[in-house]
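**Q** Handing you this structure, nothing more for now.
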Amino acid sequence: MYDDIAISPRERYPCQERFEDSEGNRMAIMTVRGPITAQQAGPILSHEHVLCDLWSFVRSYDGILDDEELAVQELQAFARAAGGGTLVDATSFGLGRNPRALSRISQESGVHIVMGAGWYREEVYPSLVWELSTNELADRVVEELTIGADGTSIRAGMIGEIGTERKQITPAQERVFRAAGRAHARTNAAILTHTTHFGELAVEQIALLAEERVPPSRIVISHLGDRPGRTDMLLAIAQTGVHLSIDNIGYLGSGYPDDAVRVRNIRTLIEEGHLDQILLSGDICMKSHLHAYGGKGYDHVHSKFLPLLAASGVTQEQILRMTVVNPWNAYDMPPVAAPEDPSGVLAAQAH
Numbered sequence: 000m001y002d003d004i005a006i007s008p009r010e011r012y013p014c015q016e017r018f019e020d021s022e023g024n025r026m027a028i029m030t031v032r033g034p035i036t037a038q039q040a041g042p043i044l045s046h047e048h049v050l051c052d053l054w055s056f057v058r059s060y061d062g063i064l065d066d067e068e069l070a071v072q073e074l075q076a077f078a079r080a081a082g083g084g085t086l087v088d089a090t091s092f093g094l095g096r097n098p099r100a101l102s103r104i105s106q107e108s109g110v111h112i113v114m115g116a117g118w119y120r121e122e123v124y125p126s127l128v129w130e131l132s133t134n135e136l137a138d139r140v141v142e143e144l145t146i147g148a149d150g151t152s153i154r155a156g157m158i159g160e161i162g163t164e165r166k167q168i169t170p171a172q173e174r175v176f177r178a179a180g181r182a183h184a185r186t187n188a189a190i191l192t193h194t195t196h197f198g199e200l201a202v203e204q205i206a207l208l209a210e211e212r213v214p215p216s217r218i219v220i221s222h223l224g225d226r227p228g229r230t231d232m233l234l235a236i237a238q239t240g241v242h243l244s245i246d247n248i249g250y251l252g253s254g255y256p257d258d259a260v261r262v263r264n265i266r267t268l269i270e271e272g273h274l275d276q277i278l279l280s281g282d283i284c285m286k287s288h289l290h291a292y293g294g295k296g297y298d299h300v301h302s303k304f305l306p307l308l309a310a311s312g313v314t315q316e317q318i319l320r321m322t323v324v325n326p327w328n329a330y331d332m333p334p335v336a337a338p339e340d341p342s343g344v345l346a347a348q349a350h
């Protein structure tokens, strides 16, 4: 569908002007196989999970994605539907992140994968969250973004997902968020947050990150757009200027509405002037979400949901912005020079 849009390359990728900052540093998305340009990135799913372990939350093997060969097959379906592309893997520490496996899966599938840094939710925080200072936690995140994660030279490309629960932000969660903000200040990496119950505490998350001087343009708030008939909260979040990840697309049942609700909420956001903030994804994190188990698959956004948007009156140019331009603008970051590795130890550890 993207090749049919009659606009010039610069209009197609207006963020090309951001490839170099005022100091001449090239802007790029960092993937598990290195930095890529906007043209290489293509369509981007803003919030997914390729490998993850949700046992602590769901107590079911359905919540464990650990089959690399199956992951390759499922991602290839997305690549066919989207014409290639990139996926932001929101599996941070505590969810079974595996940098080496992500690199292998990306290589085999041809899909670019952006890996997350930081700590997911308090239930699966490691003890170091309580043992280290906030600045020391920030150092750990910066290391994953600039050197490599989990003893490899495979670098994270964003911070997240990091989350809160309901009612209030706990002291431990606050320290993780402040550490993320301070790591952002040193790397310019985007921060992807998890909200529980369709955006609860999102405004509080944004305010906390603002205290660490994180601009709204570097914040992505997840799990939005699922409240039927309740656009007031969604618009309140949108008015802060953050990126809005509509990423439960294809979820149905267990309190989730059908995709028609998400279409209506997206149209409301567009009508209220928030087109440039919208990102789209499916947040696959269970076996039952995969095609092999009868689920929607990573291609659902492109094969099923985008036609619904188009049928509702959303233009192809608007769809292009939500699936290509906006996520690029959300996740691009200037490369940070890796330390010298004369012995080749880091390079060897990546394989």
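Residue numbering for the sequence shown follows numbering that gives the first Met the number 0, starting at 0 and increasing by one per position.
A virtual CB, placed ideally from N, CA and C, is assigned to each residue, including glycine.
Note that the structure is predicted; figures quoted are calculated from it, not measured.
Going by other Cβ atoms of all chains shown within 10 Å of its Cβ, with 16 needed for buried, is residue 134 buried or exposed?
**A** Against the sequence shown, residue 134 aligns to sequence position 135. Answer is exposed; the Cβ neighbour count stays below 16.
**Q** On the criterion of 16 or more Cβ atoms from any shown chain inside 10 Å, does residue 327 qualify as buried, or is it exposed?
**A** On the sequence shown, position 328 is the one that residue 327 refers to. With 16 or more Cβ atoms within 10 Å of its Cβ, residue 327 is classed as buried.
**Q** Closest to residue 250 by CA distance: which of 232, 142, 280 is it?
**A** Within the sequence shown, the letter at position 251 stands for residue 250. Minimum Cα distance to residue 250 is reached at 280.
**Q** Counting beta carbon pairs with one atom in the region 120-136 and one in the region 166-180, are three or more of them shorter than 8 Å?
**A** With the cut-off at 8 Å, the region 166-180 and the region 120-136 touch.
**Q** So, for residue 10: in the same chain, excluding its five sequence neighbours on each side, which residues have a beta-carbon less than 7 Å away from its beta-carbon?
**A** Position 11 of the sequence shown, counting from 1, holds the residue named residue 10. The predicted position of residue 10 is uncertain, since its pLDDT is 37 and thus under 50; no value can be drawn from it.
**Q** Just curious, the beta strand (DSSP E) that residue 102 is in, first and last residue?
**A** Translated into the one-based positions of the sequence shown, residue 102 becomes position 103. Taken as a continuous stretch (DSSP letters only), residue 102 belongs to no beta strand (DSSP E), being part of the alpha helix (DSSP H) at 98-108.
**Q** DSSP has residue 173 in a bridge; who is on the other side?
**A** Here residue 173 is taken as the residue at index 174 of the sequence shown, counted from 1. None, per the DSSP bridge assignment.
**Q** Given 8 Å as the limit, is there contact between the region 286-306 and the region 233-243, that is, 3 or more CB pairs closer than that?
**A** No, because fewer than three Cβ pairs between the region 286-306 and the region 233-243 fall closer than 8 Å, the two stretches do not touch.
**Q** Could you tell me the boundaries of the alpha helix (DSSP H) in which residue 67 lies?
**A** By one-based count along the sequence shown, residue 67 stands at place 68. Taken as a continuous stretch (DSSP letters only), the alpha helix (DSSP H) holding residue 67 covers 67-81.
**Q** Restricting to runs no shorter than 4 residues, where is the alpha helix (DSSP H) found entirely within the region 178-254?
**A** If we require 4 residues or more, the alpha helix (DSSP H) runs fully inside the region 178-254 come out as 201-210, 230-237.
**Q** Span of the beta strand (DSSP E) holding residue 113?
**A** Start at 1 with the first residue of the sequence shown, and residue 113 comes out as number 114. That run of the beta strand (DSSP E) goes 111-116.
**Q** Decide if residue 210 is buried, meaning its Cβ has at least 16 other Cβ atoms within 10 Å, or exposed.
**A** As a position in the sequence shown, residue 210 is number 211, starting the count at 1. Residue 210 comes out exposed.
**Q** Among 34, 113, 99, which residue has its Cα nearest to the Cα of residue 190?
**A** As a first step, residue 190 must be located in the sequence shown, where it is residue number 191. Checked all of 34, 113, 99; the closest Cα to residue 190 is 113.
**Q** Select from 140, 284, 207, 78 the residue whose C-alpha is nearest the C-alpha of residue 59.
**A** Position 60 of the sequence shown, counted from the first residue, corresponds to residue 59. Selected option, being the one with the closest Cα: 284.
**Q** Does the pairing of the region 29-43 with the region 97-105 give three or more beta-carbon distances under 8 Å?
**A** Contact between the region 29-43 and the region 97-105 is present, because at least three Cβ pairs lie under 8 Å.
**Q** Can you tell me whether residue 143 is buried or exposed? The criterion is at least 16 other CB atoms within 10 Å of its CB, across all chains shown.
**A** Residue numbering aside, residue 143 sits at position 144 when the sequence shown is read from its first letter. So residue 143 counts as buried.
**Q** So who's on the other strand from residue 34, going by DSSP bridges?
**A** As a first step, residue 34 must be located in the sequence shown, where it is residue number 35. Partner(s): 29.
**Q** Around the C-beta of residue 227, are 16 or more other C-beta atoms found within 10 angstroms, so that it is buried, or is it exposed?
**A** As a first step, residue 227 is located in the sequence shown; it is residue number 228 there, counting from the start. Burial call: exposed.
**Q** Determine, using beta carbons only, whether residue 162 and residue 120 come nearer to each other than 9 Å.
**A** Taking the first residue of the sequence shown as position 1, residue 162 is located at position 163. Taking the first residue of the sequence shown as position 1, residue 120 is located at position 121. Taking 9 Å as the Cβ cut-off, residue 162 and residue 120 qualify as a contacting pair.
**Q** Distance check for residue 307 and residue 286, CA to CA, integer angstroms please.
**A** Walking along the sequence shown from the start, residue 286 turns up at place 287. Walking along the sequence shown from the start, residue 307 turns up at place 308. Using only the alpha carbons, I get a separation of about 25 Å.
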